[in-house]
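Per this note's numbering, residue 73 is the first one in the sequence shown, and the count goes up by one each step.
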Amino acid sequence: MTGAASLAAAGRKVWWYVREVIGDTAYERYVEHLRTHDPEAQAPTRREFERMRMDAGDDPRKGFRCC
């Protein structure tokens, strides 16, 4: 593997890690899970999915959450 190729591979790994940490891959994982468990279900748009995530985090029954 050349220096440029190994640098590109390292960059892809870092990018994957950053996306996992910030939760950017949550939508893709949710849609994949939905397709696996209920292929007939209509997948929400990314915007609808993010709204569902925000609403779930705002549930007062879950107690105080800072983030």
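Glycine residues also receive a C-beta, built at the ideal position from the N, C-alpha and C atoms.
All values derive from a computational prediction rather than experimental measurement.
Does the region 88–105 come into contact with the region 115–128, if we say contact requires no fewer than three beta-carbon pairs (one atom in each stretch) closer than 8 Å? yes
Where residue 95 and residue 73 are concerned, what is the direct C-alpha to C-alpha distance, given to the nearest angstrom? The sequence position of residue 95 within the sequence shown is 23, counting from 1. The sequence position of residue 73 within the sequence shown is 1, counting from 1. If you take the alpha carbons of residue 95 and residue 73, they lie about 31 Å apart.
In whole angstroms, what separates the C-alpha of residue 121 from that of residue 107? As a working note, residue 121 is residue 49 in the sequence shown. As a working note, residue 107 is residue 35 in the sequence shown. Roughly 15 Å separates the two Cα atoms.
From this set, 77, 111, 88 and 103, which residue's C-alpha is nearest residue 119's C-alpha? Taking the first residue of the sequence shown as 1, we reach residue 119 at position 47. Per the Cα distances, 103.
If you follow the alpha helix (DSSP H) that residue 126 is in, where does it begin and where does it stop? On the sequence shown, residue 126 is found 54 positions in, with the first residue counted as 1. 118–129 is the span of the alpha helix (DSSP H), which, as asked, contains residue 126.
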